[in-house]
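The sequence shown begins at 2 in our numbering and counts up by one.
All residues carry an ideal CB built from backbone N, CA and C; glycine is no exception.
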Amino acid sequence: MKFSFKRITVIATIFSLTTSFLPSCKQTSSTLNNQKITNSEIADMDNFAQAKAYYTGNGVEQNFQRALGLYKKVAQQGHLEAQHMAGVMYYRGEGTNQNYKKSIKWYRKALENDFAPAQFNLGVMYTKGRGVPQDYKIAADWYEKSAIQGYAPAQHNLGTFYRDGKGVTQNYATAMKWFKKAAAQGDNLSPLMIATMYRGGE
2 MKFSFKRITV IATIFSLTTS FLPSCKQTSS TLNNQKITNS EIADMDNFAQ
52 AKAYYTGNGV EQNFQRALGL YKKVAQQGHL EAQHMAGVMY YRGEGTNQNY
102 KKSIKWYRKA LENDFAPAQF NLGVMYTKGR GVPQDYKIAA DWYEKSAIQG
152 YAPAQHNLGT FYRDGKGVTQ NYATAMKWFK KAAAQGDNLS PLMIATMYRG
202 GE
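Listed below in C-alpha cells is the structure:
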C-alpha cells in the first residue's frame, strides 16, 4: 500500500500535535531505583525524595495524595522542582481535583528562577487556553525562554510554531534550527518533523 507524501505529512503533524503539547513532568535529578524501601528508611529520606518515590511508585506504593502534600511542603521552601511538580499534579488532577489556576500558581513560583520545565508547561497552558486565555504569542514567548535554556520539548514546540506561523512569523529555517536542536537531545518527534520538512522542500 503506497502513501502519498501529503498523507505522511498530515500523519506526522497530527502525531506531533497530540503528543508534544502536553505538560512535562521531566525532573532534572536522578530517579530512585526500584529496590524496596523500609518504613524506617522512608522516614529518614528528605521530603523531596519521598515525594518522588510516592509519585513514581519506586520502592513504595504509589500515592499521589502523599506525593502532592510532600511536594507542596518542599515547594513552600523554594524548591524549584517541587514547585514545578505541584503545578504538574494540579494540571493533571493527580492526588487532587484538577485545578488550572493552582497549577499556574505553582508554575509561576518556579518561573521566578527561570526554571525551564515550568516555562515550557506555562507555554502549553497558553497554547491550550487552560486556566488562561489562549494566546499563541505568549505561548511562543515561554517556549522560547525554555528552549534557549536547552529544554528539548520547548525546542520542539517552538519549531512547530515557526513551521506553522503560530504566534510568530512563519520561518522554515528557524523551525528547522529548533527541530535540530531538539533532535540532538534525543527528542523523539523532531526527527520526524525534520524529515517531513526536507521531503516537502521547506
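With distance defined between alpha-carbon atoms, name the residue in the options nearest to residue i.
i       : options                              : result
Ser-191 : Gln-120, Gln-171 and Arg-164         : Arg-164
Ala-83  : Ala-119, Gln-99 and Arg-93           : Ala-119
Gly-130 : Phe-65, Tyr-199 and Tyr-101          : Tyr-101
Arg-109 : Ala-54, Ala-196, Gly-96 and Val-133  : Val-133
Gly-96  : Tyr-144, Tyr-56 and Gly-166          : Tyr-56
Arg-93  : Phe-65, Leu-112 and Tyr-173          : Phe-65
Gln-171 : Val-89, Tyr-199, Glu-203 and Lys-146 : Glu-203
Asp-115 : Leu-193, His-85, Ala-50 and Ala-54   : His-85
Arg-200 : Phe-49, Tyr-173 and Ala-50           : Tyr-173
Can you list, in chain order, the residues of its chain with a C-beta nearer than 7 angstroms to that of residue i? Leave out the 5 residues immediately preceding and following it.
i       : result
Ala-140 : Gly-124, Tyr-127, Thr-128 and Gly-168
Ala-87  : Leu-69, Tyr-72, Lys-73, Ala-76 and Trp-107
Lys-138 : Gly-168
In chain order, what residues of the same chain have a beta carbon less than 6 angstroms from the beta carbon of residue i, not counting five sequence neighbours either side?
i       : result
Ala-176 : Gly-160, Tyr-163 and Arg-164
Gln-156 : Ala-148, Trp-179, Lys-182 and Ala-183
Gln-186 : Ala-153
Gln-150 : Ala-117
Ser-30  : Low confidence applies here, because Ser-30 scores a pLDDT of 40, under 50, leaving its location unreliable and the question unanswered by this model.
Ala-1   : Residue 1 falls outside the range modelled here, since the chain spans only 2 to 203, and no answer is possible.
Tyr-144 : Gly-124, Ala-155, Asn-158 and Leu-159
Asp-136 : Tyr-127
Ser-104 : Gly-88, Tyr-91 and Tyr-92
Lys-146 : Gln-120
Asp-188 : Ala-153 and His-157
Got a sec? Which residues, its chain only, sit under 8 angstroms from residue i by beta carbon, not counting five neighbours each side?
i       : result
Leu-112 : Ala-119, Gln-120 and Leu-123
Lys-7   : Its pLDDT being 43, under 50, Lys-7 is placed unreliably in this model, and the value from its coordinates should be taken loosely. The answer is none, since no qualifying residue turns up.
Ile-195 : Met-177, Phe-180, Lys-181 and Ala-184
Phe-49  : Leu-71, Tyr-72, Val-75, His-80, Glu-82 and Ala-83
Asn-34  : Any answer about Asn-34 is weak, because its pLDDT of 40 lies below 50 and its placement is not dependable; what the coordinates show is given next. Result list for Asn-34: Asn-59 and Gly-60, in chain order.
Please specify which runs of the alpha helix (DSSP H), each continuous and at least 4 residues long, are wholly inside the segment 87-159, giving them in chain order. 101-112, 117-129 and 137-149
Decide yes or no for the touch test of the segment 57-64 against the segment 74-89: beta carbon pairs closer than 8 angstroms, at least 3 of them. In the pairwise beta carbon analysis, the segment 57-64 is classified as not touching the segment 74-89: fewer than three pairs are separated by under 8 angstroms.
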